[in-house]
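Enquirer: This note's numbering puts the first residue of the sequence shown at 2, with every later residue one more than the last.
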Amino acid sequence: MVSELITKRSIEYTAVLIFKKPAGVSGKKHSRPTQPFRATEAEFPGHVWAGDFLHDRITSGRTIRIFNVLDVFSRRGFEPPVEYSLPGRTIAQFLDSLCMQYGPPRVFRRDDGPEFRSKEFQVVISKYRIREEVIPPGQPFNNGHIESYQGTMRDELLEREEFETLQEARQKITQWVRSYNTERPHSALGYRTPMEVWNEYYGN
Numbered sequence: 002m003v004s005e006l007i008t009k010r011s012i013e014y015t016a017v018l019i020f021k022k023p024a025g026v027s028g029k030k031h032s033r034p035t036q037p038f039r040a041t042e043a044e045f046p047g048h049v050w051a052g053d054f055l056h057d058r059i060t061s062g063r064t065i066r067i068f069n070v071l072d073v074f075s076r077r078g079f080e081p082p083v084e085y086s087l088p089g090r091t092i093a094q095f096l097d098s099l100c101m102q103y104g105p106p107r108v109f110r111r112d113d114g115p116e117f118r119s120k121e122f123q124v125v126i127s128k129y130r131i132r133e134e135v136i137p138p139g140q141p142f143n144n145g146h147i148e149s150y151q152g153t154m155r156d157e158l159l160e161r162e163e164f165e166t167l168q169e170a171r172q173k174i175t176q177w178v179r180s181y182n183t184e185r186p187h188s189a190l191g192y193r194t195p196m197e198v199w200n201e202y203y204g205n
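This is the structure:
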């Protein structure tokens, strides 16, 4: 009887030693602190491109999507695809065509949208060895150049024009981009237009 009691207490004491947490040790797992986002500063045309989507409606009420890509240094906007739908495959083809025509950027800044995470888009990124810079969720200010560009497009064009058809939207958006690139001096560019800065660098 006595030996059984001693054995039982020994087992209980051992269990306490096994399961008792060391002093100062919490049961919660601590995640590593998030590194602050630091955008690459564009040093020349073709160094950093930024991409983002914009939405509008034609008069029928149907939504259209615009995929804008901006050269951050020169502020040049590339003529965007305008479609009812812009899946990853379509924006991958567009980026591929830009890279073939102008050479790939070293950095492509974007958000974490599903189109950018698509297999087709990532194939193009790998093909040209582009480094992606993904802005944190809810921080569009970290992609401020293209946010400003798209805000200007919305204020000057999308809010003022009513597009009857998709084709009309494409045409007028393309015209606006061309005008922005060639007729809009920027104080940040020494009061030169985006195309003046672009052409000066590439010797056109």
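No residue lacks a Cβ here, since even glycine has one placed at the ideal position from N, Cα and C.
Indicate whether Ser66 and Ser86 have their beta-carbon atoms separated by less than 8 Å.
Expert: Numbered from its first residue, the sequence shown carries residue 66 at position 65. Numbered from its first residue, the sequence shown carries residue 86 at position 85. One detail in the question is off: residue 66 reads as Arg in this sequence, not Ser. The answer is yes: Cβ separation under 8 Å.
Enquirer: Tell me the DSSP secondary structure of Gly152 in three-state form.
Expert: If you number the sequence shown from 1, residue 152 lands on position 151. Gly152: helix per DSSP, three-state reduction.
Enquirer: Starting from Arg132, trace the beta strand (DSSP E) in both directions and tell me its first and last residue.
Expert: Within the sequence shown, residue 132 is the residue found at index 131, counting from 1. Note, Arg132: beta strand (DSSP E), 132-135.
Enquirer: Hey, Val73 and Asp97: beta-carbon distance below 8 Å or not?
Expert: Translated into positions along the sequence shown, residue 73 becomes position 72. Translated into positions along the sequence shown, residue 97 becomes position 96. Not a contact, by the Cβ cut-off of 8 Å.
Enquirer: Here's a check: name, in chain order, each residue in its chain whose Cβ is nearer than 6 Å to the Cβ of Gly89, leaving out the five neighbours to either side.
Expert: By 1-based counting over the sequence shown, the position of residue 89 is 88. For Gly89, where only same-chain residues beyond five positions count, the Cβ hits under 6 Å are Glu116, Ser119, Glu121, Phe122.
Enquirer: Would you mind stating whether Leu158 and Lys173 have Cβ atoms separated by less than 8 Å?
Expert: Start at 1 with the first residue of the sequence shown, and residue 158 comes out as number 157. Start at 1 with the first residue of the sequence shown, and residue 173 comes out as number 172. Yes, the Cβ-Cβ distance between Leu158 and Lys173 is below 8 Å.
Enquirer: State buried or exposed for Thr194, treating a residue as buried only when at least 16 other CB atoms are found within 10 Å of its CB.
Expert: On the sequence shown, residue 194 is found 193 positions in, with the first residue counted as 1. Thr194 is buried by the Cβ-count criterion.
Enquirer: Leaving out the 5 sequence neighbours to the left and right, which residues in its chain are closer than 7 Å to Phe45 when beta-carbon positions are compared?
Expert: Taking the first residue of the sequence shown as position 1, residue 45 is located at position 44. Closer than 7 Å at the Cβ level, and outside the excluded window around Phe45, lie Phe74, Tyr202.
Enquirer: Starting from Val124, follow the alpha helix (DSSP H) in both directions and report where the run begins and ends.
Expert: Here residue 124 refers to the residue found at position 123 when the sequence shown is read from its first residue. Element bounds for Val124: 120-128.
Enquirer: Skipping 5 residues on each side, what residues in its chain have a beta carbon closer than 8 Å to that of Glu84?
Expert: The count along the sequence shown starts at 1 and reaches residue 84 at position 83. Around Glu84: Ile65, Arg66, Thr91, Leu167.
Enquirer: Sorted by chain position, which residues of the same chain lie with C-beta nearer than 6 Å to Arg77's C-beta, five sequence neighbours on each side aside?
Expert: The residue given as residue 77 occupies position 76 in the sequence shown. Closer than 6 Å at the Cβ level, and outside the excluded window around Arg77, lie Asn182, Pro195, Trp199.
Enquirer: Could you pull the start and end residues of the beta strand (DSSP E) that Asp72 belongs to?
Expert: Your numbering for residue 72 matches position 71 in the sequence shown. From DSSP, the beta strand (DSSP E) with Asp72 extends over 64-72.
Enquirer: CA-CA distance, Pro81 and Phe38?
Expert: For this step, residue 81 is matched to residue 80 along the sequence shown. For this step, residue 38 is matched to residue 37 along the sequence shown. In a straight line, the C-alpha of Pro81 is about 27 Å away from that of Phe38.
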